[in-house]
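Protein chains in written order, with the numbering used here: chain A, 4 to 78; chain B, 5 to 64; chain C, 5 to 64. What follows is a single structure, written as C-alpha cells, with notes after it.
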Amino acid sequence: VYLHVDPQSKIPECYNYTNLGFCPDGPNCQRRHIRKAMCPMFLTGFCPNGPKCELGAHPKFKLGLIQGQLKFKIY
Amino acid sequence: PLTQLTLNELKDKPWRLPGADLSDYFNYGFDEISWLAYCAKQDKLHADFNPAKVITELLN
Amino acid sequence: PLTQLTLNELKDKPWRLPGADLSDYFNYGFDEISWLAYCAKQDKLHADFNPAKVITELLN
Ligand SMILES: [Zn+2]
Ligand SMILES: [Zn+2]
Chain A
4 VYLHVDPQSK
14 IPECYNYTNL
24 GFCPDGPNCQ
34 RRHIRKAMCP
44 MFLTGFCPNG
54 PKCELGAHPK
64 FKLGLIQGQL
74 KFKIY
Chain B
5 PLTQLTLNEL
15 KDKPWRLPGA
25 DLSDYFNYGF
35 DEISWLAYCA
45 KQDKLHADFN
55 PAKVITELLN
Chain C
5 PLTQLTLNEL
15 KDKPWRLPGA
25 DLSDYFNYGF
35 DEISWLAYCA
45 KQDKLHADFN
55 PAKVITELLN
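The structure is reproduced here in C-alpha cells:
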C-alpha cells in the first residue's frame with residue numbers, strides 16, 4: 004500500500020485565507036489556500052458541535068495573529 | 005439560528021469544560037451570555053429575556 | 005469599519021482582473037462584497053456584544 008504524500012502538505016496553511024476568509028496575496032501566497040465551506044450555524048454565531056463539527060469550518064476571525072500586509076483592528 | 009431555549013436544552017455544554025476553546029463554538033467574540041443577549045435582541049419574541057434568570061441558570 | 009479601510013488601502017485589487025480566480029483570494033465562497041459584509045458583522049458584534057460589556061449592562 005502506497006501512502007501518497009502530498010508535496011503541498013509541508014507548506015503551512017495560510018492564516019489569512021483560513022481564518023479571515025481573505026488573503027491579498029492570492030495565487031502568489033507562499034502558504035496554502037485551503038478552500039472550505041463555513042458551517043452555517045457558526046456563521047450565525049454559535050454551533051454546539053464545536054471542533055467536531057461536520058457541517059463546515061469554524062474559522063476564527065482573530066486579530067493580532069495576521070501574517071503579511073493585512074492589518075485588522077477589532078475591539 | 006439557535007435560540008436561548010435551544011441552548012438551555014443542550015445537556016452537554018462542552019464549551020464549558022476545562023481546556024475548551026470558546027471560539028471553537030462561538031463566532032464574533034460571543035460567549036454564552038453575550039450570545040443569549042444577542043439572540044434576545046434578534047428575536048423580539050424572546051423579549052422575555054431575563055438577565056437575572058440567565059445568570060442563575062449559568063451558575064447552576 | 006477598519007476592515008473596509010484596509011481593503012481599500014490595497015492599491016491593486018488583482019482579484020478584479022479578467023481571468024482572476026476569486027477563490028484564490030476569498031475563501032468560503034466569499035466575494036469582495038460578501039466578505040466586507042462579514043467583516044462588518046465581525047466589527048459590529050465584537051463591539052456591541054463584547055462579553056465584558058454585556059455583563060456590565062446586565063449588572064447595571
Ligand atoms: Zn495566503
Ligand atoms: Zn458547526
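In this text, a Cβ means the ideal position worked out from N, Cα and C, and glycines have one as well. Computed from a predicted structure; not experimentally measured.
Exercise. Are the C-beta of B/A41 and some C-beta of chain A separated by less than 9 Å?
Worked result: For the purposes of this step, residue 41 of chain B is identified with residue 37 of the second sequence, where counting begins at 1. No, because no Cβ of chain A sits closer than 9 Å to the Cβ of B/A41.
Problem set entry | Helix, strand or coil at C/K45 [DSSP, three-state] | Along the third sequence, read from residue 1 onward, the residue named residue 45 of chain C stands at position 41. Under the three-state reduction of DSSP output, C/K45 falls in the helix class.
Exercise. Can you list the residues of chain A that C/D28 reaches, using a CB-CB cut of under 7 Å?
Worked result: By 1-based counting over the third sequence, the position of residue 28 of chain C is 24. Those are G29, P30, H36, listed as they occur along chain A.
Problem set entry | Buried versus exposed, by CB contacts within 10 Å (16 or more), A/A40 | Residue numbering aside, residue 40 of chain A sits at position 37 when the first sequence is read from its first letter. By the neighbour-count definition (other C-beta atoms within 10 Å, threshold 16), A/A40 is an exposed residue.
For this session: Report the residue from B/Y29, B/D25, B/P22 whose alpha carbon sits nearest the alpha carbon of A/C56.
Result: Here residue 56 of chain A is taken as the residue at index 53 of the first sequence, counted from 1. Of the candidates B/Y29, B/D25, B/P22, the one whose C-alpha sits nearest the C-alpha of A/C56 is B/Y29.
Problem set entry | DSSP-derived helix/strand/coil call for A/E103 | Summary: the structure shown does not reach residue 103 of chain A, with chain A confined to residues 4 through 78, and so no result is reported for it.
Problem set entry | Every unbroken alpha helix (DSSP H) within the region 14-43 of chain B, with a cutoff of 4 residues, ordered by chain | 26-29
Exercise. Closer than 7 Å from C-beta to any heavy atom of ligand 3: which residues, in chain order?
Worked result: This structure lacks ligand 3; its bound ligands are ligand 1 and ligand 2.
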